[in-house]
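Following our numbering, the numbering of the sequence shown begins with 25 at its first residue and continues without gaps.
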Amino acid sequence: QVQLVESGGGLVQAGGSLRLSCGASGSISSDNTMGWYRQAPGKQRELVATIHTGGSTNYADSVKGRFTISRDNAKNTVNLQMNSLKPEDTAVYYCNLHWRIFRPIDYWGQGTQVTVSS
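Dropping the structure here:
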């Protein structure tokens, strides 16, 4: 059984910074992608950023240059440093762990609220 535990998030003023962290435990493939997704009220969940065990990253256009994703493969942790936050970044942020063995496998964290006030 794989579990994801998130920390960080909270309330910040526009232009401020926050850091999200997520740790994974359990039986985890050594070849995986960890990332963050977010869901604002009334909207679909969307990709924020992902990082593969090999180090390759992918960012949503809306966060490029402001957010930085990083990971520690030995600890199965992923971090999201969010700078220059905007009110439109307000959402519940979910940690994701993904790999594929014959079929895609996804695990999700419980979600953490990020609120950016104007």
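Backbone N, C-alpha and C fix where the C-beta goes; we use that ideal spot for every residue, glycine too. The structure displayed is predicted, hence computed values, not measured ones.
- Two segments are said to touch when three or more pairs of C-beta atoms, one from each, lie closer than 8 angstroms; by this definition the stretch 91-98 does not touch the stretch 27-37.
- Boundaries of the beta strand (DSSP E) around Arg95: 91-96.
- Here the alpha carbons of Val72 and Ala84 stand approximately 5 angstroms from one another.
- Per DSSP, the beta-bridge partners of Asp130 are His122.
- In the structure shown, the three-state DSSP call for Ser80 is coil.
- Assigned with DSSP and collapsed to three states, Val87 falls in helix.
- By the CB criterion at 9 angstroms, Ala64 and Thr114 fall inside the cutoff.
- A check of alpha carbon separations from Gln25 across Gly50, Asn120, Arg90, Asp55 identifies Gly50 as the nearest.
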